[in-house]
Structure formats: C-alpha cells, structure tokens
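Here is the structure we will look at, set down as structure tokens.
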Amino acid sequence: MRTTYRFLRAHVLQRLIPRSRIAFNPRKPVEIVGYLSMAAGVGESARLCADALSEAGRAISLSDVSTHPDEKSVAGWAPPRLSTKPAGSRIWHLNPPMLPRAISKKGVANFTRAFNIGYFAWELELVPAEWRNGLRYMNAILVPSEFTRRAIAPLTNAPVIVVPHPVTEKPASEGMRKKFGIEKDAFLVSFIFSAGSSINRKNPQAVIEAFRIFSAECPSAFLLMKANGNVSKDGGLRKLVASVAGDSRIRIVTDYLSSAEVNGLIRSSDAYLSLHRSEGFGLTVAEAIMQRTPVISTGWSGTVDFCDPENSWLVASPLIPVVDTHPEFAGLPGAVWANPSPEVAAAHLSDIFRAPERAREKAGRAREFLLRYLAEHNYEKAFQTLAAMQAS
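Under the numbering used here, the first residue of the sequence shown carries the number 875, and numbering increases by one thereafter.
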C-alpha cells in the first residue's frame, strides 16, 4: 500500500500540481511553509529561515504543515512577530516527496496565488524522478549548498540560488560532561545524527571505528553520539546501539535533549567527528563550528562550502555506489557517495589531541570563515537576485 502511494505521489500527484504565474514581489510579505513544530532537519530549516527573515525586517507569516508535531522537541523557539497581510511569495521548506500532501492541505487554488519558492536539500549528484517532477511547479529554487545546486540546476529553467542555513551560535547548557558522567579531563568526541535521515548516509559506524582506532593511543578518550530515533522501531539504530554495548568509552544517547543541551554537548567536546557519506549542507557540522569546536568532516558534498584544510580536518574519501534501503536513496542506479576512511579520521583525532591549542585556533578560523560565508549568501541577497531577474 505504501509503495503504491509513493508511486502515485511521484508520478501522478506531482504532475497535477499547477505552476503559479504570479510575479515575484519583494515588497510583499513572505510565507514560510514547513514542519515548524517538528524536530526534523527540514523543520529546523524552516525555523532558521523564519528567524533570519524576521531579523532582516521582512514581514513574514508561518504555515505549519507538520505531520507529527512534537512541541517538546522545539520548546524554546518563539515564532517572530507575524504579518496578517496576504503573502506575495512562499518558501516551501519541504522536500518534493512532502509537497503534495502539504499543498493539498493548503489548497491547490491557494498555491497558485503566490510566487512559490522551493527550499530543497538533496544529498546526491543524481536526482530522483520525484524530485525532478517537484521542480516543475516551483517558480524558484533555493538550495543550501553549491553541491546541491550543481545537481538541481541542470534539471529546471527556474533560477536555483544557494542560500545556506543561517546558522547562529545558540545558547549552550553548562555541565553536560557531568550529566553524562564524563570526566573533566577526558578527550570528548561527539557526533549528532538523525537515524531517520538514512543511518547509512550519516555513517555513525565509521565514527565508532575511527574512535576505537584513536582510543588505543588515548585511553582517556570518550565518544558520545546523540541519535534522534526510536530504538524499538529502527532496526539499524538498534543494531548500532548493540554494537557498542559493553564499551565503557562509547555511549549512544537516544533520550530527548533540548537544543541548549545538544549545543552544550558540542561545546564541551574536544572534537566533533562527522564521517557522513553525503550531506546537502551539514547542519550539525556548521553548528559545531559556531560552538568553536574543532571539526573533522568528510571532504565531499555540502560541507566543503565552509570546511577546508585551513579551518577543519578533512577526510579525503573515495566515492562508492550508493547501497541503501532508505526510500529516498534506493533505486538510483549510478548514484555514488563518499566512503570516508576511519584510519584517516583517527589520525586527525590524534592531531587534535596532541596539539589542543593549535586545534582551537583552527576552529576559530572555521567560525570566522563560516560567518563570512553566511553573510555573503543569505535570503536577502537571494531576494535581490530574484527581483533583478524579474526586472530584466
């Protein structure tokens, strides 16, 4: 039944959605549509957008189309002051498979009464058919990275503009080491991931392998990974948790942590290690940089927009065929993603461990670079580009 719906959604429903003929008007309010009350990455994307546009002085409205609202997970986010005037444009912080349901919820006729902008974060060089069909009815596309832009731009006549997630330095809770029983002088490595975003793509097993290689040199090392997912329902996550059972130096936390607690964990870490196979942007990597934590990252896909050898520890990775059962990534012949080396990552951990002051200086350069990059690529500049294109 679910497979049938996915087929109909991809090849029938996506083709029935009409394209708006409304011109872009930068003076009218902007409506942000997304999973605003969900902890998912697309939800955080929408919330970051709302905060950034409101801070820039834009009149905005919000439309929450969350399928599984979780107020606890987004507690502390206060929606900005909202406009009651009709929106001239909408930014859909939803990937194409999520759009038919959301557009139906708002009404197809209503959809055509504004200039529609899709904010799409795809993670591979090959784009699935449903995503290609979803490009058809958007007037413009925003993407979080140059990597995603290169994948999507050849598939549409609509403008495709890079607007990275407007990450800021968020409040961070103190005492996170004490909360998890980690000694003050332990060398703490952390990684945050969502199992629902494809555990194979997030690649936490490689993080564990790299840490185990490194910990032979550093007996005081500790790895703490925060996983968003349900162990009882997710076999992949359950297997991962079982793989570290009995290892006193590795802990996978699946319990709820507030945003401040997650940021506190990252800030109290000596290194943040992400060996993802691919990222459309790399939100947690950027958040770690904002917290001034030294970052080790796969040297491929979205993160290379703001991670380079001068400010981060990159893991050069050969590309291998994508093998995954996740519905987003299954059935894409010819698709590839990275296979980062745990041995190289372990060597980077050793480098940070042996020269902590130099590592913190490098982390400071990463933060400075990211701040400049975000200032150069933002929603306001994207709107200016769209307005200029409209005028010409």
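All residues carry an ideal CB built from backbone N, CA and C; glycine is no exception.
Spatially closest choice to residue i from the options, by CA coordinates
i	options	result
residue 940	932, 958, 955 and 921	921
residue 1154	924, 893 and 1021	1021
residue 1158	1064, 1130 and 1232	1064
residue 1185	1052, 1226 and 1134	1226
residue 1039	1016, 900 and 1056	1016
residue 1073	1113, 1062 and 1084	1113
residue 1265	894, 900 and 895	900
residue 890	934, 1156, 985 and 912	985
residue 1232	1195, 1245, 1156 and 1168	1168
residue 1179	1210, 989, 1250 and 1117	1250
residue 893	946, 926 and 1008	1008
residue 946	1174, 1115, 1097 and 912	912
residue 1149	1213, 951, 1139 and 1048	1213
residue 1011	991, 1043 and 1050	991
residue 917	951, 929, 1166 and 895	951
residue 1156	1172, 983, 929 and 1203	1172
residue 1101	1089, 1131 and 1087	1131
residue 1129	1177, 1066 and 1200	1066
residue 1151	1209, 1142, 1161 and 943	1209
residue 1271	975, 942, 979 and 1108	Residue numbering for the chain in the displayed model covers 875 to 1266; residue 1271 lies beyond these limits and cannot be assessed.
residue 1127	953, 1218 and 1069	1069
residue 1075	938, 1240 and 1196	1196
residue 1088	1218, 1181 and 981	1218
residue 1202	1235, 1071 and 1229	1071
residue 906	931, 1090, 993 and 1198	993
residue 1143	960, 926 and 1237	1237
residue 1135	1092, 1053 and 1094	1053
residue 931	948, 938, 902 and 915	902
residue 1077	1092, 1211 and 963	1211
residue 1248	978, 1133, 1181 and 1029	1181
Start and end residues, alpha helix (DSSP H) containing residue i
i	result
residue 921	915-929
residue 1249	1230-1250
residue 982	982-985
residue 1195	Where residue 1195 is concerned, there is no enclosing alpha helix (DSSP H), although the beta strand (DSSP E) it sits in stretches over 1193-1195.
residue 1260	1253-1265
residue 1145	Run containing residue 1145: none in the alpha helix (DSSP H); it sits in the beta strand (DSSP E), 1145-1148.
residue 1087	1078-1089
residue 1050	1050-1053
Residue span of the beta strand (DSSP E) that contains residue i, given as start and end
i	result
residue 990	989-993
residue 905	904-908
residue 943	Where residue 943 is concerned, there is no enclosing beta strand (DSSP E), given that its DSSP letter is neither H nor E.
residue 1163	Element bounds for residue 1163: not the beta strand (DSSP E) but the alpha helix (DSSP H), 1157-1164.
residue 1172	1169-1172
residue 964	963-967
Beta-carbon proximity of residue i to residue j, cut-off 8 Å
i	j	result
residue 1164	residue 1036	no
residue 968	residue 936	no
residue 995	residue 919	yes
residue 1220	residue 1084	yes
residue 1060	residue 1096	yes
residue 1206	residue 998	yes
residue 1138	residue 1048	yes
residue 1034	residue 965	no
residue 1170	residue 1147	yes
residue 1261	residue 898	yes
residue 1216	residue 1116	no
residue 1044	residue 1051	no
residue 1025	residue 1001	yes
residue 1244	residue 1160	yes
residue 1004	residue 971	yes
residue 1176	residue 1019	yes
residue 1120	residue 1111	no
residue 842	residue 1166	Here the chain comprises residues numbered 875 to 1266, so residue 842 is not present and cannot be evaluated.
residue 925	residue 960	no
residue 1082	residue 987	no
Contact with chain B by residue i, beta-carbon distance below 8 Å
i	result
residue 1076	Although the question refers to chain B, the structure presented lacks it and comprises just one protein chain.
Per DSSP, the bridge partner or partners of residue i
i	result
residue 1211	1194
residue 1098	1064 and 1125
residue 1188	1171
residue 935	905
Whole runs of the beta strand (DSSP E) within the stretch 1006-1036, excluding any shorter than 3 residues
1014-1017 and 1034-1036
List, from N- to C-terminal side, the alpha helix (DSSP H) runs of 4 residues or more that fit wholly inside the stretch 1101-1132.
1109-1117
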